[in-house]
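Numbering (the working numbering), first residue to last: 4 to 107. Accompanying notes for the structure given below.
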């Protein structure tokens with residue numbers, strides 16, 4: 004995957020009945036996506052994210068956010084290098100590109 008956008012968040016307003024909110028930024032795992040309602044981070048037990056990774060996704064709340072509630076969906080990545088490259092070993096292009104994407 005290449006990173007073709009600098010956008011890392013999406014903001015919406017609740018209306019008391021809509022439970023699905025889409026976002027348009029790349030993420031490698033659902034753990035990189037944080038969800039806030041009126042500035043308070045939500046527990047992952049309050050919503051699901053699909054698909055598990057990709058260029059965009061959908062947050063589905065268990066119950067609809069209140070009317071006029073501010074919903075922020077944000078990508079937050081950790082700063083860990085989890086791939087251990089070995090000397091004189093084949094270098095997989097997809098793994099390397101994924102690590103560069105995470106840095107970006």
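The beta-carbon is built from N, C-alpha and C at its ideal position, and this holds for glycine as well.
Query: Cα separation between residue 86 and residue 100?; Result: 12 Å
Query: Can at least three beta-carbon pairs, one atom from the segment 64-81 and one from the segment 10-29, be found at a separation below 8 Å?; Result: yes
Query: Please return the same chain residues whose Cβ sits closer than 7 Å to the Cβ of residue 79, not counting the five positions on each side in sequence.; Result: 35 and 37
Query: Give a yes or no on whether the C-beta atoms belonging to residue 63 and residue 22 are separated by under 7 Å.; Result: yes
Query: With a cut-off of 8 Å on the beta carbons, I'd call residue 112 and residue 25 a contact; round off their distance for me.; Result: Coverage of the chain is limited to positions 4 through 107, which leaves residue 112 absent and any answer about it impossible.
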